[in-house]
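Undergrad:
Number of protein chains: 2
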Amino acid sequence: MTALWQCQGVTSTSTAGAVRQGSLRELNLAVVLRRIAAADRPPSRAGIAAGTGLTRATVSAVVDDLIAGRLVAEAEPAPRTGAGRPARGLVLASDGPAGLGLEVNVDYLAACVVDLTGTVRHHLVRRADLRPVSPADALERLAALAAEARAAAVRDGLTLAGAALAVPGLVDSGGLVRLAPNLGWRDVDVPALLAGHPLAEPVEGIPPLVVDNEANLAALGELHAGPPGSTSFLHITGEIGIGAGIVLDGVLYRGARGWSGEIGHIPVQPQGRPCRCGGQGCLERYAGQEAVLAAAGLAGADLPADTAATRLADLARAGDPATLTALADAGTALGVAVAGVVNLLDLDTVVLGGGYAPLAPWLRPPVVAEISRRVLTAAWSPVTVRPAALGARSAAVGGAASVVRRVVDRPVGWLARSG
Amino acid sequence: MTALWQCQGVTSTSTAGAVRQGSLRELNLAVVLRRIAAADRPPSRAGIAAGTGLTRATVSAVVDDLIAGRLVAEAEPAPRTGAGRPARGLVLASDGPAGLGLEVNVDYLAACVVDLTGTVRHHLVRRADLRPVSPADALERLAALAAEARAAAVRDGLTLAGAALAVPGLVDSGGLVRLAPNLGWRDVDVPALLAGHPLAEPVEGIPPLVVDNEANLAALGELHAGPPGSTSFLHITGEIGIGAGIVLDGVLYRGARGWSGEIGHIPVQPQGRPCRCGGQGCLERYAGQEAVLAAAGLAGADLPADTAATRLADLARAGDPATLTALADAGTALGVAVAGVVNLLDLDTVVLGGGYAPLAPWLRPPVVAEISRRVLTAAWSPVTVRPAALGARSAAVGGAASVVRRVVDRPVGWLARSG
DNA sequence: GCAATTTGTTCAGTGGTTGAATTAAATGAC
DNA sequence: GTCATTTAATTCAACCACTGAACAAATTGC
C-alpha cells in the first residue's frame with residue numbers, strides 16, 4: 001500500500017480517463033450513489049433507472065453492491081406513492097464510512113466526524129493558545145483529539161475512510177505547510193509529523209490525510225451545509241488574515257498551484273496603507289481583524305482571536321459608535337473587493353464566514369451597497385450575501401465532508417476494501 | 420432534429436453521466452482521439468495502448484472507427500524508432516470536420532475556418548463601420564461572409580461541424596445578445612436573425628451556432644494557439660471596454676450566468692472617476708481605450724477602434740512623452756487589478772490581448788511591477804505576462820477552435836452523422 | 001539468413017448492460 | 001371480497017465491447 005499524502009483533489013489517474021471493462025461498473029456505482037445522495041427524498045430503484053437512463057436491472061444490480069458494501073440502506077417506512085407496488089426507498093447508510101475533519105487554529109484544535117448522510121456525528125474542540133507551542137507538539141495534541149474522535153466513531157459502528165486537516169496558511173501539494181503566519185509555522189511537514197498516528201483506515205483511492213487551507217475547507221463545508229442551489233460562491237473567512245474559498249459550479253477551485261483565495265491582498269486603496277505583504281492598500285489592512293479592532297478603539301486589547309468577533313458584535317449591538325463606524329468602513333472595503341470579484345467571476349452568492357459570520361448584520365449592508373453600485377449585472381440578477389451556515393465549525397466539517405464526498409464520488413475504492 | 424441554439428458549453432446530458440453499454444465505446448473514442456490530438460509526434464496504436472491502459476486490441480478497434488469516420492489518418496512517412504516492426508503514426512485528419520469562427524465587431528466582420536489539426540485554413544475579414552448598421556443588416560453581411568468561408572472550406576473537402584460567433588457584449592445563454600454597448604445592440608436575438616442562413620452541417624451534439632462573448636472566445640483562441648503548459652490564465656481584451664476570459668485548468672470559466680470576465684469594472688480607485696456603470700474608479704476609466712487616448716492627448720480624435728492601439732504604439736515608439744506616461748499609468752492601473760485577480764485565482768499566466776497586444780512592450784513593465792509588489796506568491800513562482808499569440812484574430816480563431824474541440828471531446832456525435 | 005523485437009490483428013472468453021418476461025405488492029372498482 | 005390495474009423489483013438469455021493470448025507482419029542487428 002503506497003501512502004498517498006496529498007493536498008489537492010488531484011485524482012491523477014495516469015490512464016487519463018480510459019474506460020476499461022470494469023470501469024463500467026465503477027462509474028455506474030458512482031452515478032447511482034450520487035443520485036441517492038443528491039435526492040431530497042429516498043429514491044426507488046425504478047426512479048433512479050428512469051432518471052439515469054440505466055435499466056432497472058442494472059440499477060438493481062448496482063444497488064445490491066452498494067447495500068452489500070454498507071454504503072446504502074433501504075429506508076424502512078417506504079414512502080407512499082399511489083397505486084402499484086410500493087417502492088423501497090434508498091438512503092445513504094449511516095453506519096458505513098465516515099470522514100474525519102481536523103483543524104489547527106490559533107486558539108483551538110478541532111476534530112469532527114461526518115457520516116455518509118452528511119450528519120455531523122461528533123465534534124470535539126479543545127481551546128488552547130497554540131502560538132507558543134511547537135508544530136510537533138501541536139500536532140501531537142491534535143492526534144490525541146483525533147484518536148478520541150475516532151474512538152467515538154468506532155463506537156457508532158462507523159469506519160473512518162480518510163482525514164482532512166485545515167490549517168490557516170499556505171499549503172503545498174504534499175501537505176507541506178509553507179507558511180502559517182498566525183501560528184508561526186513555516187515549512188512544517190504535517191504528514192511526516194503525523195505519520196506515527198494512524199487517523200483513518202486505509203481505503204484505496206482516498207488519501208489517509210489531506211492537508212488544506214482553512215478557507216478552502218470552510219468553503220467546502222458551506223457547500224455541504226448551505227442551502228442547495230448555490231453552486232458558485234465565494235466563501236470569505238475573516239480572521240487576522242482574510243482568506244477565501246472559491247466554489248465554481250460545485251467544485252472547489254484551488255488555483256494553478258493550490259494557492260488561490262488570497263482575497264486579503266486584493267488592493268482596495270492602491271495608494272493606501274502599506275501592508276506586510278509588501279503591497280499597499282490591501283483589503284486586509286481595512287477589513288482584517290486588526291484593522292477593525294483598531295478602528296473600534298480596541299487596539300492592543302490582545303483578545304483571543306475567536307472572541308474578537310463576538311466582542312465586536314456585542315459592542316455593535318450595544319450601539320457603540322466607534323464600532324459601528326469601524327464595521328461600516330470594513331464592510332465598504334470588503335464590498336469593493338467583493339464587487340471586483342463578482343464582476344470577474346459572475347458569482348451568485350457571497351458567504352461571510354469565519355469571524356465575519358457573527359458580524360454579518362453590520363457588514364452585510366455596506367457589502368450589498370457596494371455590490372449593487374459596482375456590479376454590472378446586479379440589476380439583472382441579484383447577488384445573495386449571507387452569513388456562513390456553519391460559522392466557525394465550517395473548516396473541520398468541510399474537511400470531513402470532503403472525505404465523505406470522495407467516497408460518494410468513487411465508491412469502488414471503499415467497496416474494494418472489505419472484499 | 421431539434422435545433423440547439425446555445426451560448427454556454429453546457430452539454431446537459433439529462434442522463435447525468437450514467438454509463439450505458441455503448442457509452443463505453445463512446446468514451447474510449449474520445450480518450451483515444453484526445454490522445455492523438457495532444458501528442459506532439461504522431462503516436463502509434465501500441466503507444467496509445469500503453470499510455471491509456473487499454474489493450475492494443477481495443478485501441479486498434481477504436482482507431483479503425485476513427486479512421487473510417489475521417490477523424491484520424493495514418494501519417495505516411497512512418498516515424499522511425501529502432502528495432503521491431505515500424506509503427507504507423509496517427510494524426511488528426513485534415514479533411515474531416517472543421518469549425519467556423521465568426522466575429523462581429525465595431526469596425527469589422529471576420530470569419531475563419533479551423534480544421535481538426537488546429538490549422539487556420541481560411542481567414543476572411545471585411546472592414547466596415549458597423550455602428551450605424553442595424554443588427555439585422557450586420558448579421559446579413561456576416562452571413563454572406565460566412566457563406567464565402569464555407570464555400571472555401573467545402574472546396575478543401577472540409578465539413579463545417581458547427582459555428583461560434585464572437586460578440587463584444589453580454590450574451591445570454593440561448594444566444595440573445597443582452598447588451599453590446601459599442602455596437603449599439605440591445606436584446607438582439609442572433610440565432611433568430613441568422614436562422615435563414617445555414618452556417619454548418621447538423622452534427623449531433625454540436626450546436627449549429629454558439630454565440631459568446633468576444634473575450635471568452637479570444638481566451639479560447641489563446642488556449643488553442645498559445646504555448647502548451649499554461650492551462651490557467653487570464654486573457655485580457657483591451658478595447659473600448661475591457662473584457663477578460665478566464666481559463667482555469669484548461670477550461671473556460673463562464674460564471675454562474677455566463678457573464679464572467681467583466682474585469683473592466685473592478686475598482687482600482689474606489690473614490691476615483693465615476694464610470695458609466697454607476698460605480699466609481701473602475702479599471703476601464705484608467706486603462707480603457709478612451710482613457711488612454713485622452714491621457715495621450717488624442718481625445719476626440721475619433722480613430723477607428725482598431726487603429727487606436729497601433730496609433731498609440733507608433734507614438735510610443737517615437738518616444739512621445741504624453742503617450743508614454745499614459746501607457747505607464749494605464750499599465751499600473753491594469754497591474755493593480757490583475758494583481759488582485761492573481762491573488763484570488765492563483766494564475767500562472769496573464770495574456771494581454773485585443774488592443775493591448777500591440778501595446779504590450781509598454782504595458783508589460785508596470786503590470787509586472789504591480790504583480791511582483793502585490794502578489795503574495797510571486798516570490799515563490801513567477802507570473803508570466805505576455806502578449807496574445809493571435810492578436811486581433813483571437814476571437815474568431817478561438818470560436819472556430821471551440822467547435823473543433825467539441826468534436827474531439829465527443830467524437831461519437833460526428834461519427835453518427837455519416838452513418 | 002536468422003534471431004530478436006516491436007507493431008498490429010485475430011479470436012475465444014468474459015464482465016456488465018439490455019430488454020423482455022416474470023414475480024411481487026399495493027390500490028381501486030364493482 | 002375478488003379481480004383488474006398499476007407500479008416495483010428480479011430473473012435470464014442475448015449482446016456489446018473490452019481482455020488476454022496467440023499469431024502474423026515488418027524491421028533491426030548479428
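Taken in order, these protein sequences are the chains called X and L. At position 121 of the first sequence (counting the first as 1) the number is 121 in the working numbering, and the numbers step up by one without a gap. With positions in the second sequence counted from 1, the corresponding number in the working numbering is that position plus 419. The beta carbon of each residue, even a glycine, is placed where N, CA and C say it ideally should be.
1. Going by the CB atoms, is the gap between X:Val106 and X:Leu183 shorter than 8 Å?
2. X:Leu359 to X:Thr310, Cα distance in whole Å?
3. Quick check: is the beta carbon of L:Ile455 nearer than 8 Å to any beta carbon in chain X?
4. Between the Cα of X:Thr349 and those of X:Thr332, X:Val375, X:Ala328, spot the shortest distance and give me the residue it belongs to.
5. Under a Cβ-count criterion, where at least 16 other Cβ atoms within 10 Å of its own Cβ denotes burial, should L:Pro740 be classed as buried or exposed?
6. Using CA atoms only, rank isn't needed, just tell me which of L:Ala797, L:Ala747, L:Ala776 is closest to L:Pro784.
7. According to a CB-to-CB cut-off of less than 7 Å, which residues of the stretch 323-350 of chain X neighbour chain L?
8. How many whole angstroms separate the CB atoms of X:Val19 and X:Thr52, which I take to be in contact at a CB cut-off of 8 Å?
9. Contact criterion: CB-CB distance below 8 Å. Does L:Ser651 meet it with respect to chain X?
10. Starting from X:Gly331, trace the alpha helix (DSSP H) in both directions and tell me its first and last residue.
11. Got a sec, what are the start and stop residues for the beta strand (DSSP E) X:Val133 sits in?
12. Of all the CB atoms in chain X, is at least one closer than 8 Å to the CB of L:Leu667?
13. Would you say L:Asn846 faces chain X, with C-beta separation under 8 Å as the test?
14. Could you tell me which uninterrupted beta strand (DSSP E) segments, each at least 3 residues in length, are contained entirely in the stretch 135-185 of chain X, listed from first to last along the chain?
15. Assign L:Pro693 to one of three DSSP states: helix, strand, or coil.
16. Figure out for me which residue from X:Gly264, X:Ile266, X:His265, X:Gly281 has the closest Cα to the Cα of X:Gly272.
17. Distance, Cα to Cα, X:Gly355 vs X:Val383?
18. I'd like to check one pair, X:Val403 with X:Gly205: are the Cβ atoms closer than 8 Å?
19. Can you give me the Cβ contacts of X:Leu315 inside the same chain, cut-off strictly under 7 Å, excluding the 5 residues immediately before and after it?
20. Quick one: what does DSSP say X:Glu26 is sitting in, helix, strand or coil?
21. Quick one: what does DSSP say X:Ala3 is sitting in, helix, strand or coil?
22. Against chain X, which members of the stretch 446-472 of chain L pass a CB distance test of less than 7 Å?
23. State the DSSP-derived secondary structure class of L:Asp484, mapped to helix, strand or coil.
24. Which residues in chain L have a C-beta closer than 7 Å to the C-beta of X:His265? List them in chain order.
25. Can you confirm whether L:Arg439, when its beta carbon is compared against all beta carbons of chain X, has any partner nearer than 8 Å?
26. Spatial neighbours of X:Gly157 within its chain, please: C-beta separation below 6 Å, excluding the five flanking residues on both sides.
27. Quick one: give me the first and last residue of the beta strand (DSSP E) that L:Ala492 is part of.
28. Hey, would you say X:Ala75 sits closer than 8 Å to X:Leu90, going by beta carbons?
29. Report the residues of the stretch 374-398 of chain X with a CB closer than 7 Å to any CB of chain L, ordered along the chain.
30. Consult DSSP for L:Ala663 and reduce its assignment to one of helix, strand or coil.
31. Chain L beta carbons: is any one of them nearer than 8 Å to that of X:Arg257?
32. With a threshold of 16 other CB atoms inside 10 Å of the CB of L:Ala517, please say whether the residue is buried or exposed.
33. According to DSSP, which residues form a beta bridge with L:Tyr527?
34. Is it buried or exposed for L:Gln708, if we count other Cβ within 10 angstroms and need 16 for buried?
35. Is it right to say X:Ile250 is buried, meaning 16 or more other beta carbons lie within 10 angstroms of its own, or is it exposed?
36. Could you please give me the residues that DSSP links to L:Pro806 through a beta bridge?
TA: With the structure as the only source:
1. yes
2. 8 Å
3. no
4. X:Val375
5. exposed
6. L:Ala747
7. Val336, Ala339, Gly340, Val341, Asn343, Leu344, Leu345, Asp346, Leu347, Asp348
8. With a Cβ gap of about 17 Å, X:Val19 and X:Thr52 do not count as contacting.
9. yes
10. 321-345
11. Unbroken run through X:Val133: none, as it is neither H nor E.
12. Yes, L:Leu667 counts as interfacial toward chain X.
13. Only positions 420 to 838 of chain L appear in the structure, and residue 846 of chain L is not among them; the question remains open.
14. Fully enclosed beta strand (DSSP E) runs of 3 or longer: 159-167, 176-180.
15. strand
16. X:Gly281
17. 21 Å
18. Contact: no.
19. Ala296, Thr323
20. helix
21. In this prediction, X:Ala3 has a pLDDT of 33, which is less than 50 and means its spatial position is unreliable; what the coordinates show is noted afterwards. The answer is coil: DSSP assigns X:Ala3 none of H, G, I, E or B.
22. Leu446, Asn447, Val450, Thr471, Gly472
23. helix
24. Asn762, Arg793, Leu795
25. yes
26. Correct list, in chain order: Asp95.
27. 491-494
28. yes
29. For the stretch 374-398 of chain X, which is checked against every Cβ of chain L, the residues closer than 7 Å are Arg374, Leu376, Thr377, Ser381.
30. Three-state result, L:Ala663: strand.
31. So yes, X:Arg257 belongs to the interface.
32. Residue environment: L:Ala517 is assigned as buried (16 or more neighbouring CB atoms within 10 Å of its CB, all protein chains considered).
33. L:Arg546
34. With 16 or more neighbouring CB atoms inside 10 Å of its own CB, L:Gln708 falls in the buried class.
35. For the sequence presented, residue 250 of chain X should be read as Gly rather than Ile. Counting Cβ neighbours within 10 Å, X:Gly250 comes out exposed, since fewer than 16 surround it.
36. L:Leu771
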